Each structure stands twice: as C-alpha cells, then as structure tokens.
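Peer 1:
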Amino acid sequence: MQNPVERVLEAVPFCFGEVLVRKSGKSLLLCHRDEDAQDDLEMFQNPEDAIEIAKYDDAGNYRPLKTAPNLRHGWRMKLQSSAELKHALGHFYPGRLAVFFAWQRGELRTTSLRETLDRQSGMYRIAATISDAQIDDLVAGFCHSNGGCLRTILWKRDQHGTIASTKLPIQKFDPTLDQVQALGRTGSATGTTVPLLCQESCNLLVAACRKVVKGE
Ligand code: SF4
C-alpha cells in the first residue's frame, strides 16, 4: 500500500514551485516549468545533481533563498523512482515536502512573525522592535511572489492573528493557488500544483527586520 508521500509524488504531472514533474514511460522527468517543450536541455540522472542546479540563478548568482522565483533554466532530470524524486525535490526546495505533508495531515504548526522575532538573541534581538507599519511594508516587498519568494504564507504577524502584510495580494495566503501562475507566468500548465508553504518567517526576513529597525 502506498504511503501519502508516494501518492502525491506519483500524481504526475504536477508543478512544485518552478519545477515541473511528469512521466515518460517508466521514468520521471523534471525540468524548469518554462522549458518542457525544449529539447536542448542538459540532462541529469542523479537526484543529488539538484543541489548544484538549485545553487545559482541564470546569471550565476548564488540563491540564498531556494524558494525565490529564480531557479535556473537549461536542465532536465530523468529519475527512476518516487524515492529519487523525493530526494531531488528535497534538494530543489529543502524542507518543503515535509511541511506540505504535515499541512495535509492537519499537523502543521505555524509561528507568528512576532513570536519568531521575540525569540531572537544577540545582534538580532533588536529586530523585535520593528513596528507594525514597517512589517507591513517589509513583508510586502520581501515575500512577494513576483521577485521575492514563491512560498504561500501561512504564518500571522502576531498572536492576534493579524495578516502578515495588508499590502500583499490575498492570493499570497491561499495554498490552493499556484504562486507562479499568480505572477502571470504560465509555463507548463499541468493543472496541479504542490504548494511551497511558509509556516514560519525565514532567517532572511528576520535579518531584513533588523536592517529596517537599524535604518540600514
Ligand atoms: S518569510 Fe517565508 S515567504 Fe517570506 S521570504 Fe522568507 S520563506 Fe519566503
């Protein structure tokens, strides 16, 4: 009997962030969702190769945030099992599959931004003094799917359940929507998307909060 992970991973084709997964015979093919029609892509067969593919963008710049909408183009990966697929997707988007499965089971715990900021120590402690108005602007610019990050935000601003930013489109908080298509970039339209979920603000956003407070 298949476990829930296998069931989702075998429901191909689907998109996971900017990665398109589809079947070809008994193999699984992955590529950048913009390029399924391309036939001159560099081929890879090892799920570990996803680590290098995900490291730099098209211009060769390091990608500190793997869920930023700048996955490089020009590659195709051919895999032989759902276990290999799980490994590869884990390298493209670290931790996101586990979070998705926890969310599906109703077991995902989210942490508000204020809670995350309040537990910072050392040089990041000052980040907790950021104002609500500053959070509103910062999160809108930093997490926006168009150039910022493709995750769907599930966390709240504070323990009262305040929305993370009133300046983000409502689609940014809806796990049923494809954040890439929300950008107006269709790529391969598979109809199915496994969302990249954000259950807790990342270190990069915390660092950005600190910068705002310090006026940098
Ligand atoms: S806080 Fe979440 S949505 Fe915002 S940039 Fe970080 S990972 Fe992406």
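Heads up: the sequence shown begins at 8 in the working numbering, then just goes up one per residue.
Ideal Cβ placement from N, Cα and C applies to all residues, glycine included.
Source: prediction; values computed, not measured.
As an exercise, report each continuous beta strand (DSSP E) stretch of at least 3 residues that is fully enclosed by the segment 28 to 66, in chain order.
Peer 2: 34 to 39 and 49 to 51
Peer 1: Can you tell me which residues fall inside 5 Å of the ligand SF4, judged by beta-carbon distance to its nearest heavy atom, and keep chain order?
Peer 2: 150, 156, 158, 205, 208, 209 and 212
Peer 1: For residue 98 and residue 104, what's the separation of their Cα atoms in angstroms?
Peer 2: Counting from one through the sequence shown, the residue named residue 98 turns up at place 91. Counting from one through the sequence shown, the residue named residue 104 turns up at place 97. Their Cα atoms are separated by approximately 10 Å.
Peer 1: Residues bridged to residue 82 by DSSP?
Peer 2: If you number the sequence shown from 1, residue 82 lands on position 75. Answer by DSSP bridge pairing, in chain order: 49.
Peer 1: What are the uninterrupted segments assigned as alpha helix (DSSP H) that are 4 or more residues long and contained completely in the segment 153 to 197, given in chain order?
Peer 2: 186 to 189
Peer 1: Look at residue 213 and residue 115 and say whether their C-beta atoms are less than 9 Å apart.
Peer 2: Here the question's residue 213 lines up with position 206 in the sequence shown. Here the question's residue 115 lines up with position 108 in the sequence shown. No, the pair does not count as a contact, with Cβ atoms beyond the cut-off.
Peer 1: Taking C-beta to C-beta, are residue 208 and residue 120 nearer than 9 Å?
Peer 2: To locate residue 208, count along the sequence shown from 1; it is residue 201. To locate residue 120, count along the sequence shown from 1; it is residue 113. It is a contact, given that the beta carbons lie within the stated cut-off.
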